[in-house]
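Residue numbers (our numbering), protein chains in the order written: chain A, -2 to 49; chain B, 17 to 812. Glycine included, C-beta positions come from ideal geometry on N, C-alpha and C. Here the structure is laid out as structure tokens; the discussion comes afterwards.
Shown next as structure tokens:
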């Protein structure tokens, strides 16, 4: 059953990586504006065909 | 000008307003004014016409076409506006009120197609902000703002930028704290399960391993996530206040120390899971309570309404001066639509000043040379030259902000239920804890301490601390759905305690732009055309209203036209002579003060009658007599008492209507009501109500467009929801009742827990079940009950 020590160590380490990823996302402002990208994605990148 | 063309009903291609002329046509597209047409021209020249593809009529109407951004060349002002600047790039963030659709977003992020000096632009849709990185060597800030103005997106520039301050203040890492607490809570739960299910003898090593891991996970929860509770409790203790944070901090500390002790002494598993869960739920409650409206500001004062700078006349020509540097003796120039920033004497020009923000009067007032014009008035017409006689902060209107009502601490206006209760709760809790300690201590020291700590753990008012935030945030979102925006959750409780309602008149119970023209005259088609053709030439608000009333009429050629400021129009059209204006112009003598404003009409020396201007009351105003039964209702107007008779039916007693009140009078009146035991809710809309809004227990700014300027207040009410006012008030009382009931529920759970705790036999399992169970009960009860009451009050 000593494998438990290893497994728990792995799981905690993995969880810590995710926690760190969340901190990074939060710090770099990825969660600051959660609405605008949903509008932006619907706009055409290249608008030549849309021209009148 | 096309003569005699029949105007069909068409909408402006740019802004969607109705076109009243056919003067502005380009590419087969109709525009209502030159401003809208010029925006279209800029966009089509840059091949940005997809702007009109995403939405119909995405633009804002643009009557004003003159640019006034000279002050943006002052280095002092530039440096205050820029977020960042180095040798070749600058970053600036603008607040643009008009951002409202995907077209706006698309166009504003294409700025570099118009000017390559713009490197990068990003829109934050909800905050209505545009952040731009640009090369300031190729494009100055002034040019940038002019570019935005040209495409129809004029930024609102203010040095006293509340929105920016608000966003900066929000960074207290609450989300990170929740993340850490949640992370630890999950892991600790996992590691605690083996203990609860029972470990066999040969697995005892794991028990210690899990125990120490739990302690390790508790460390960040206590010292990072939970730190705020210790700080707050300590601060309150020093101010000799017992608030809810004290028993919470005590609970967290006891939980942690007992867990540490039990794990270290191998006497038990500790309460690490309860500890992490407690902190996690508490922080979630805090997060829920913190609802922010990014696009609304509740803290605005006159500085956000006044311009950033004003043009002054110096020996070397015109020079923009920052408002804070404006002093007595400065000569200033005020152009059309600009606001007079300080009390000043009129030296040159025809002043026709709109004082609607100061006095509530909707019609502009004429002023003669040498007269003092009070700050806050907006000039309509030609440019004025004036000499400042009082500094900005000491002016008639702005000195209101020197009143102590504005410097007073906000929070202690009304104590919330939570604050009142938590004091007694803490005292009772400590008595029980020490009681059980002293009961067991003589016989069994271990048991005594076990009971003492168990009481503090079990009675930790987690559910109590959560009941208010969850109820209030549910209530807030219901108000929000009904276009009533509250500053924070405490406002709901304040609203429930209100017994007096005070209403401002203009803009609050009358719709601000919505005036009704009553025609007290019978006109033939020919006469309608004559009046219309004369009035269309004038920019005076009354002429514009008459035109709107007669719109769709044929326009005739005007041969002579003369507008006399403060009087009216003299015109000759098609051989007919017209006199349109006040009684001084038409009859040659001032008329008596009637109860409405009248525009008289005389054609060829024959008096035909008048157009009467009437304020239209908000549709929901008939709820007022009903409210009068439960509340004291007052009317407080800066206007003259023209409409006393019409308003009589809404405010039962004559002496409950006050007219001719100055901004200071309004503040004093509220103060007087409060000393008489009134808990006052004030409804106002302009700067003139600011003092009263601030002094009142609950200030509500009523507005027709929430993005417009609103004075500092506790809540912003959209005019369309005015009729729901009685429901709002009743619903606020319901939510307070819900809080009381959930308090009882959480007390029941505490009593159950205490019955175990005082004996000293509290097992970690019971604590671990009881805490989340009570939390879940409270959260579901409050959300369901709030929803139910909202339905009952017809708010959802």
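(message) For residue 167 of chain B, would you say it is in contact with chain A, using Cβ-to-Cβ distances shorter than 8 Å as the test?
(response) no
(request) In angstroms with no decimal places, state the Cα-to-Cα distance between residue 34 of chain B and residue 76 of chain B. (result) 13 Å
(message) Suppose contacts are defined by Cβ-Cβ distances below 8 Å. Is residue 728 of chain B in contact with residue 709 of chain B by that definition?
(response) yes
(message) Distance check for residue 113 of chain B and residue 579 of chain B, CA to CA, integer angstroms please.
(response) Distance between the alpha carbons of residue 579 of chain B and residue 113 of chain B: 35 Å.
(message) At the 8 Å Cβ level, is residue 9 of chain A part of the contact set with chain B, yes or no?
(response) Under the Cβ distance rule, residue 9 of chain A counts among the residues neighbouring chain B, one pair being separated by less than 8 Å.
(request) Tell me whether residue 170 of chain B is buried or exposed, calling it buried when 16 or more other Cβ atoms sit within 10 Å of its Cβ. (result) buried
(request) Verify the CB distance criterion: does residue 410 of chain B have a CB-CB separation below 8 Å to chain A? (result) no
(message) According to DSSP, is residue 336 of chain B part of a helix, a strand, or is it coil?
(response) strand
(message) Let's test the definition: count the other Cβ atoms within 10 Å of the Cβ of residue 41 of chain A and tell me whether it reaches 16, buried, or not, exposed.
(response) exposed
(message) Along the segment 220 to 232 of chain B, where does the CB come closer than 8 Å to a CB of chain A? Name the residues.
(response) 222, 225, 229
(message) Considering only their Cβ atoms, is the gap separating residue 92 of chain B from residue 338 of chain B smaller than 8 Å?
(response) Going by beta carbons, residue 338 of chain B and residue 92 of chain B fall inside the 8 Å limit.
(message) Could you tell me which whole alpha helix (DSSP H) segments of length 4 or greater appear in the segment 608 to 682 of chain B?
(response) As far as the segment 608 to 682 of chain B is concerned, its whole alpha helix (DSSP H) runs of at least 4 residues are 640 to 646, 660 to 663.
(message) Counting only beta-carbon separations shorter than 8 Å, does residue 640 of chain B have a partner in chain A?
(response) no
(request) Measure from the C-beta of residue 3 of chain A to each C-beta in chain B and report whether the shortest distance is under 8 Å. (result) With a threshold of 8 Å between beta carbons, residue 3 of chain A makes no contact with chain B.
(request) Can you tell me which of the three DSSP states residue 47 of chain A falls into? (result) Reliability fails at residue 47 of chain A, whose pLDDT of 44 lies under 50, so the model's placement of it is uncertain and the value that follows must be treated cautiously. Looking at residue 47 of chain A - three-state DSSP - the assignment turns out to be coil, as it is neither helix nor strand.
(request) Out of B/590, B/621, B/591, point me to the one whose CA is closest to residue 601 of chain B's CA. (result) Taking only the C-alpha atoms, the option nearest residue 601 of chain B is B/621.
(request) Would you verify that the beta carbon of residue 22 of chain A is, or is not, closer than 8 Å to some beta carbon of chain B? (result) Closer than 8 Å: no.
(message) Quick check on DSSP: helix, strand or coil for residue 65 of chain B?
(response) coil
(message) My output table needs one value for residue 313 of chain B: the three-state DSSP class, helix, strand or coil.
(response) Correct three-state label for residue 313 of chain B: coil.
(request) Assign residue 7 of chain A to one of two classes, buried (16 or more other C-beta atoms within 10 Å of its C-beta) or exposed (fewer than that). (result) exposed
(message) According to DSSP, is residue 487 of chain B part of a helix, a strand, or is it coil?
(response) If DSSP states are grouped into helix, strand and coil, residue 487 of chain B belongs with the helices.
(request) Compare the C-beta of residue 118 of chain B with all C-beta atoms of chain A and state if any pair is closer than 8 Å. (result) Answer yes: the Cβ-Cβ gap between residue 118 of chain B and chain A drops below 8 Å somewhere.
(message) On the DSSP letters alone, give me the boundaries of the beta strand (DSSP E) that residue 699 of chain B sits inside.
(response) 696 to 700
(request) Count the CB pairs spanning the segment 390 to 400 of chain B and the segment 346 to 366 of chain B that are closer than 8 Å, and state whether there are at least three. (result) yes
(request) Name the two residues that bound the continuous alpha helix (DSSP H) containing residue 111 of chain B. (result) Premise fails: residue 111 of chain B lies in the beta strand (DSSP E), 106 to 111, not in any alpha helix (DSSP H).
(message) Does residue 14 of chain A pass the burial test, meaning 16 or more other C-beta atoms within 10 Å, or should it be called exposed?
(response) exposed
(request) Measure the C-alpha to C-alpha separation of residue 305 of chain B and residue 504 of chain B and round it to an integer number of angstroms. (result) Their Cα atoms are separated by approximately 8 Å.
(request) Taking residue 14 of chain A as the query, report the chain B residues whose CB atoms sit under 9 Å from its CB, ordered along the chain. (result) Result: empty, since nearest Cβ-Cβ is about 11 Å, beyond 9 Å.
(message) I'd like to know if residue 456 of chain B contacts chain E, where contact means its C-beta is closer than 8 Å to some C-beta of that chain.
(response) Absence of chain E from the displayed structure is noted, the protein chains being A and B.
(request) Counting only the same chain and skipping the five closest in sequence on each side, list residues whose C-beta sits under 7 Å from that of residue 737 of chain B. (result) Within the same chain, residue 737 of chain B has close Cβ partners 498, 499, 500.
(message) Three Cβ pairs or more, each shorter than 8 Å: is that satisfied between the segment 137 to 147 of chain B and the segment 201 to 213 of chain B?
(response) These segments do not touch.
(request) List the residues of chain A whose Cβ lies closer than 7 Å to the Cβ of residue 140 of chain B, in chain order. (result) 30, 33
(message) Can you look up residue 463 of chain B in the DSSP assignment and give me helix, strand or coil?
(response) helix
(request) Specify, as a first and last residue, the run of the beta strand (DSSP E) that residue 402 of chain B falls within. (result) 400 to 404
(request) Provide the residue span of the beta strand (DSSP E) that contains residue 592 of chain B, from first to last. (result) 592 to 597
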